[in-house]
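Please read the structure below before turning to the comments.
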Amino acid sequence: MQLPILDQHQRPLRSLRLSVTDRCNLRCGYCMPEERYAWLPKAAILRYEESIALVAALLPHGLRKLRITGGEPLLRRDLTDLVVGLDALRASSPNSPGLDEIALTTNAVHLEDLAAPLKRAGLDRITISLDTLKPDRFLEMTRRDELDRALRGLRAATASFEGTKLNTVVVRGENDDELADLLRFGAEHDVEVRFIEYMDVGGATRWSMDSVVPASEILERIAAAFGEPRPDSAPRGAAPASRYLLPSGQRFGLIASTTRPFCSSCDRARLTADGTFFTCLYAAEGADTAPTLRDHGAEAAARLIADTWQKRSDRGAEARAASIDRAALAGADELRSRPHLEMHTRGG
Ligand SMILES: C[S@@+](CC[C@H](N)C(=O)[O-])C[C@H]1O[C@@H](n2cnc3c(N)ncnc32)[C@H](O)[C@@H]1O
């Protein structure tokens with residue numbers, strides 16, 4: 000059996016975020032602030048067979064976990080076909096490494112009718128992105144009037160799947176007064192809520208440090224509403240969320256991607272819908288795997304990915320945090336990093 004590949008900081012390539020489309024049906028201000036975008040041409044987008052062959056070829060290099068993302072992945076037609084193909088890549092014996100987990104990240108707007116078929120196709124888990132429970136605010140934050148459909152999607156997910164999670168990006172002045180309501184909603188619907196710090200990535204062209212609510216402050220506010228949370232000591236591998244338990248026993252997570260980045264344990268890579276491989280959300284450049292995949296096959300493309308990973312030395316979020324600190328010390332008001340690569344193309 001081949002040894003898993005490691006990068007320059009000894010991080011394995013265990014987990015891949017597979018973006019299946021760059022299109023989205025919402026226009027969240029922190030991700031896709033413009034109304035119109037130049038979408039990837041259809042011919043450039045990897046076909047499901049190509050993605051499945053590539054994932055299969057990455058398994059001997061150590062890949063174990065896959066997260067289907069986008070854009071909004073449920074906009075891609077026949078997504079269940081992809082899941083069926085990926086489900087066939089599960090480990091068949093201890094000596095034949097296979098996929099351990101197939102997860103999906105979605106805004107849930109199209110989930111109501113798809114949750115049960117996705118479960119039958121072999122999907123393990125769903126994470127739903129939802130930033131508010133207020134219809135007016137949902138419209139303001141996403142510029143689409145889709146809260147009802149998203150909530151129906153969420154209910155369908157919890158009916159079909161165990162362990163559904165809800166991710167909320169906390170933006171100061173926009174939804175930071177809803178932390179307690181979202182936690183109560185999580186308890187009611189048996190979903191683990193994870194609050195994410197607003198990151199200076201992708202289309203976050205309005206990002207400023209002032210709009211970030213640091214995880215430490217989120218924790219203080221939750222403590223004020225529910226009593227002191229205690230850290231949850233259950234082991235979690237390289238998962239980015241720090242988990243806590245409320246006095247009631249309810250579990251929640253904090254993802255301090257801006258103030259306490261977790262680069263040292265980052266085993267996540269990203270593949271865009273057109274096959275560009277990124278080793279970091281903050282990376283300026285990726286490796287274009289599509290020509291290799293189409294001309295020389297999946298194993299050659301997997302070798303290109305493995306070579307790229309082995310050269311990886313990035314600690315993008317930490318470097319970003321350090322530059323925020325430097326700019327703050329220097330009193331600079333222009334804190335946004337350059338260049339910016341769109342989160343919706345590279346699968347947040
Ligand atoms: C880009 S979306 C793609 C998948 C799917 N459309 C969804 O809504 O989950 C993935 C995640 O990235 C998060 N995200 C996008 N821009 C962000 C930013 N500037 N800061 C923090 N999280 C962000 C979204 O909230 C979402 O949870």
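In numbering that gives the first Met the number 0, the protein residues as written are 0 to 347.
By construction, the Cβ of each residue, glycine as well, lies at the ideal position given by its N, Cα and C atoms.
- Query: Which residue from Y243, S247, C262 and A300 puts its Cα closest to that of Q9?
  - Reply: Counting from 1 along the sequence shown, the entry for residue 9 is found at position 10. The shortest C-alpha separation from Q9 is found at C262.
- Task: Could you spell out the range, first to last residue, of the alpha helix (DSSP H) harbouring L15?
- Result: Start at 1 with the first residue of the sequence shown, and residue 15 comes out as number 16. Counting along the chain, L15 falls outside any alpha helix (DSSP H), though it belongs to the beta strand (DSSP E) covering S14 to S18.
- Which word fits A283, buried or exposed, when buried means at least 16 other C-beta atoms lie within 10 angstroms of its C-beta? Residue 283 sits at position 284 when you count from the first residue of the sequence shown. The residue in question, A283, is exposed, as its Cβ has fewer than 16 Cβ neighbours within 10 Å.
- Can you give me the Cβ contacts of S241 inside the same chain, cut-off strictly under 6 Å, excluding the 5 residues immediately before and after it? Counting from one through the sequence shown, the residue named residue 241 turns up at place 242. These residues qualify, in order along the chain: L253.
- Message: If distances are taken between C-alpha atoms only, which option among L39, E219, K133 and D313 comes closest to L5?
- Response: Taking the first residue of the sequence shown as position 1, residue 5 is located at position 6. Answer by Cα proximity: D313.
- Extent of the continuous alpha helix (DSSP H) to which K118 belongs: Locating residue 118 in the sequence shown gives position 119, counting from the first residue. Segment A114 to A120, the alpha helix (DSSP H) holding K118.
- Helix, strand or coil at Q1 [DSSP, three-state]: Stepping through the sequence shown from its first residue, residue 1 is reached at position 2. Residue state, collapsed to three classes: coil.
- Query: From this set, L25, A186, H188 and F194, which residue's C-alpha is nearest N174's C-alpha?
  - Reply: Along the sequence shown, one-based indexing puts residue 174 at 175. That would be F194, whose Cα lies nearest to the Cα of N174.
- Item | Under the three-state DSSP convention, the category L132 falls into | For the purposes of this step, residue 132 is taken as residue 133 along the sequence shown, with counting starting at 1. Coil.
- Message: Taking the straight line between their C-alpha atoms, what separation do you get for T278 and L165?
- Response: On the sequence shown, residue 278 is found 279 positions in, with the first residue counted as 1. On the sequence shown, residue 165 is found 166 positions in, with the first residue counted as 1. Rounded to the nearest angstrom, the two C-alpha atoms are 25 Å apart.
- Query: What residue does the beta strand (DSSP E) around G252 start on, and which one ends it?
  - Reply: As a position in the sequence shown, residue 252 is number 253, starting the count at 1. Its beta strand (DSSP E) spans residues R250 to I254.
- Query: Hey, out of D77, D209 and R143, whose CA is closest to A120's CA?
  - Reply: As a position in the sequence shown, residue 120 is number 121, starting the count at 1. Among D77, D209 and R143, the Cα nearest to that of A120 is on D77.
- Task: Assuming D86 and I101 form a contact by the criterion Cβ under 8 Å, report the distance between their Cβ atoms to the nearest whole angstrom.
- Result: Here residue 86 refers to the residue found at position 87 of the sequence shown. Here residue 101 refers to the residue found at position 102 of the sequence shown. With 8 Å as the limit, D86 and I101 qualify as a contact, their Cβ atoms being about 7 Å apart.
- Query: When the distance is taken between beta carbons, is R259 closer than 7 Å to S210?
  - Reply: For the purposes of this step, residue 210 is taken as the residue at position 211 of the sequence shown. For the purposes of this step, residue 259 is taken as the residue at position 260 of the sequence shown. Not a contact, by the Cβ cut-off of 7 Å.
- For T79, name the three-state secondary structure that DSSP assigns. Position 80 of the sequence shown, counted from the start, is the residue given in the question as residue 79. Correct three-state label for T79: helix.
- Task: Using a threshold of 7 Å, state whether the C-beta atoms of R151 and L178 are closer than that.
- Result: Within the sequence shown, numbered from 1, the residue matching residue 151 stands at position 152. Within the sequence shown, numbered from 1, the residue matching residue 178 stands at position 179. No, the Cβ-Cβ distance between R151 and L178 is not below 7 Å.
- Can the beta-carbon of T141 be found less than 7 Å from the beta-carbon of C27? Indexing the sequence shown from 1 puts residue 141 at position 142. Indexing the sequence shown from 1 puts residue 27 at position 28. It is a contact, given that the beta carbons lie within the stated cut-off.
- Query: What alpha helix (DSSP H) runs, 4 residues minimum, are completely inside the stretch 148 to 200?
  - Reply: 178 to 188
- Query: Would you say R63 and R13 are within 7 Å of each other, going by their C-beta atoms?
  - Reply: Within the sequence shown, residue 63 is the residue found at index 64, counting from 1. Within the sequence shown, residue 13 is the residue found at index 14, counting from 1. Yes; because the gap between Cβ atoms is below 7 Å, this pair is in contact.
- Query: So, are the CB atoms of G84 and I44 less than 7 Å apart?
  - Reply: Along the sequence shown, read from residue 1 onward, the residue named residue 84 stands at position 85. Along the sequence shown, read from residue 1 onward, the residue named residue 44 stands at position 45. Result no, Cβ atoms of G84 and I44 do not sit closer than 7 Å.
- Please report the residue range of the beta strand (DSSP E) in which R269 lies. Position 270 of the sequence shown, counted from the start, is the residue given in the question as residue 269. Where R269 is concerned, the enclosing beta strand (DSSP E) stretches over R267 to L270.
- Under the rule that 16 or more other beta-carbon atoms within 10 Å means buried, what is R205, buried or exposed? Taking the first residue of the sequence shown as position 1, residue 205 is located at position 206. R205 is exposed by the Cβ-count criterion.
- Task: In the DSSP assignment, find the alpha helix (DSSP H) that holds E34 and state where it starts and stops.
- Result: Within the sequence shown, the letter at position 35 stands for residue 34. That residue, E34, is in no alpha helix (DSSP H); it is neither H nor E in DSSP.
- Task: Use the C-beta contact count for R337: other C-beta atoms within 10 angstroms, 16 or more gives buried, fewer gives exposed.
- Result: Here residue 337 refers to the residue found at position 338 of the sequence shown. Low local confidence applies: a pLDDT of 47 at R337 is under 50, so the model's placement there is unreliable, and no value is given.
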